[in-house]
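Residue numbers (our numbering): 151 to 626.
Don't be surprised by glycine CBs; every beta carbon is placed ideally from N, CA and C.
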Ligand SMILES: Nc1ncnc2c1ncn2[C@@H]1O[C@H](COP(=O)(O)OP(=O)(O)O)[C@@H](O)[C@H]1O
Ligand SMILES: [Mg+2]
């Protein structure tokens with residue numbers, strides 16, 4: 151009794167069994183009632199006979215009309231016959247004792263009738279007559295009582311016949327409710343677990359469903375298949391991530407080579423000039439030294455970005471207010487905002503909860519987003535920073551929005567790759583977003599982007615407000 155099919159079959163069988171039982175019971179009852187009514191009819195016959203008997207008894211013994219003697223004898227014999235026929239049923243209803251009494255009375259009555267007809271003497275006949283009348287009345291009373299008792303039994307049987315369908319209906323309702331409850335437990339509940347798990351998969355959570363999968367029904371087969379599928383998807387996703395990582399490393403190494411090559415080339419060129427040219431004025435020399443310094447700084451900056459990117463040391467998590475950190479970070483780019491005549495708008499659309507974060511790293515992550523936003527709006531625009539509710543109650547979201555150039559669809563997949571940049575040399579290293587991505591990931595959060603070329607971009611950071619997460623765990 152495991153599969154849904156067999157469960158349905160069982161349910162159907164239960165319904166049918168109930169219907170059959172109810173019909174049989176009803177049939178039995180109606181047949182019983184019919185028998186009782188037939189018997190009642192025969193009891194009525196007995197009473198009619200006794201009534202006729204008493205009528206002629208009155209005519210013969212009270213009025214003295216001897217012409218009715220034949221009728222009297224005929225009804226007496228008929229009454230005895232009917233009584234003999236019904237003796238068994240009467241015993242059932244009135245009991246053996248009462249039956250014996252009736253039988254004795256009837257026999258006495260019979261004897262008295264014969265004696266009464268034989269009696270010649272007037273005085274003796276009166277005595278016999280009064281005894282006949284007395285016994286006749288007893289017989290009559292007995293049959294009246296019999297019929298009354300039978301009628302009560304019939305009333306009872308009718309009531310039972312009326313109530314039985316309702317009793318069966320209630321019983322059926324109770325059994326059906328119980329089966330439904332069981333079906334809910336065995337079918338609806340696992341289905342809702344499956345439903346929740348599917349939702350989780352769509353959010354990238356491949357947790358297996360823990361449910362007894364050896365029950366041999368369709369549900370456990372389904373859950374088995376689901377678990378197998380999520381496992382497969384997870385493996386495929388890891389493979390995909392790995393190949394993307396490999397591709398990134400390719401871009402990464404050529405990027406390092408390219409990025410560092412330029413300042414190093416420049417440094418060697420400038421150094422050569424300084425060594426070869428003897429007739430340089432002090433002012434020219436100063437300028438070349440400055441250039442040298444600038445190129446060295448640029449190389450140092452690239453190396454610093456690289457270090458930040460590959461930094462793997464323990465984070466310094468503190469419980470801090472996001473609002474505060476955003477304020478401090480925006481202050482760092484205040485100058486650029488003013489210079490490019492950008493309008494800065496901050497909004498807080500959710501109750502602020504403190505978040506466990508590494509202050510300087512989160513600041514770095516936000517700074518990278520702010521710089522990108524500012525760089526995307528060379529002609530000015532609006533820079534919006536908003537703190538919102540996340541997708542679940544344990545999440546908070548920071549949006550960094552600009553009304554700048556936007557990002558073409560085909561570049562959206564690459565912008566988080568290290569060294570991916572669309573900017574001129576000297577303006578961008580292509581490390582900003584990959585560093586930001588790494589920092590958010592380390593905080594147990596995620597970052598998404600929506601962008602429309604020509605209209606602007608929104609970068610959204612989602613952070614957990616739950617208790618301190620394990621910073622060593624990097625799910626990617
Ligand atoms: N707010 C933004 N608006 C438009 N494009 C952006 C924005 N942020 C990032 N990008 C695109 O993503 C690329 C990578 O960004 P990033 O990793 O910060 O490197 P970089 O800024 O040094 O180029 C940028 O070159 C740019 O094309
Ligand atoms: Mg950048």
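Among the bridge pairs identified by DSSP, residue 596 is matched with 612. Taking the Cα positions, residue 321 is about 9 Å away from residue 168.
Taking the Cβ of residue 552 as the reference point, at least one heavy atom of ligand 1 falls within a distance shorter than 6 Å. Here the distance from the Cβ of residue 532 to the nearest heavy atom of ligand 1 is not below 6 Å.
By the Cβ-count criterion, residue 612 is buried, with 16 or more other Cβ atoms from all chains shown falling within 10 Å of its own Cβ.
If you compare the alpha carbons of 549, 311, 553 with that of residue 527, the shortest gap goes to 553. Within the DSSP secondary-structure output, residue 467 pairs in a beta bridge with 508. Selection 326, 524, 503 evaluated against residue 492 yields 524 as nearest (Cα-Cα). Assigned with DSSP and collapsed to three states, residue 581 falls in coil, not helix or strand. Around the CB of residue 516, 16 or more other CB atoms lie within 10 Å, so the residue is classed as buried. The alpha-carbon separation between residue 434 and residue 446 amounts to approximately 18 Å. Contact check for residue 413 against residue 450 fails: the beta carbons are separated by 7 Å or more. Non-local C-beta neighbours of residue 478 in its own chain, meaning closer than 8 Å and more than five positions away in sequence, comprise 513, ordered along the chain.
Here residue 324 carries a helix assignment [DSSP, helix/strand/coil]. Taken in chain order, the whole beta strand (DSSP E) runs of length 3 or more contained in the segment 490-543 are 492-498, 505-508, 531-539.
Here the segment 493-510 makes contact with the segment 529-543; the two share three or more CB pairs at distances below 8 Å. Apart from sequence neighbours up to five positions away, no residue of its chain approaches residue 287 with a beta-carbon distance below 6 Å.
Spatial neighbours of residue 260 in its own chain (CB-CB distance under 8 Å, excluding positions within 5 residues in sequence) are listed in chain order as 226, 230. With contacts defined as CB atoms closer than 7 Å, residue 438 and residue 424 qualify as a contacting pair. When the beta-carbon positions are compared, residue 293 and residue 197 come within less than 7 Å of each other. Measuring C-alpha to C-alpha distances from residue 467 to each of 481, 508, 473 identifies 508 as the nearest. Residue 540 has its CB no nearer than 6 Å to any heavy atom of ligand 1. Beta-bridge pairing by DSSP links residue 606 to 602.
Counting C-beta atoms within 10 angstroms of its own C-beta, residue 393 has fewer than 16 neighbours from the protein chains shown and is therefore classed as exposed. Its Cα nearest to that of residue 202, the residue 221 stands out among 213, 542, 221.
Not one heavy atom of ligand 2 lies closer than 6 Å to the C-beta of residue 354. Proximity to ligand 2 was defined by a C-beta distance below 6 Å to any of its heavy atoms, and the residues meeting it, in sequence along the chain, are 518, 521, 522, 578, 582. Per DSSP, residue 483 lies in no alpha helix (DSSP H) and is assigned neither H nor E. At least one heavy atom of ligand 1 lies less than 6 Å from the C-beta of residue 580.
Separation of the CB atoms of residue 546 and residue 367 is rounded to 42 Å, and the pair is thereby denied contact status at 8 Å. For residue 550, DSSP records a beta bridge to 535, 609.
Ligand 1 has a heavy atom closer than 6 Å to the beta-carbon of residue 526. Spanning the alpha carbons of residue 550 and residue 597 requires a straight line of approximately 11 Å. Rounded to whole angstroms, the separation of the alpha carbons of residue 600 and residue 531 is 18 Å. In this structure, the straight-line span from the alpha carbon of residue 219 to that of residue 266 is close to 11 Å. Nearest to residue 372 by C-alpha distance, out of 385, 388, 387, 343, is 343.
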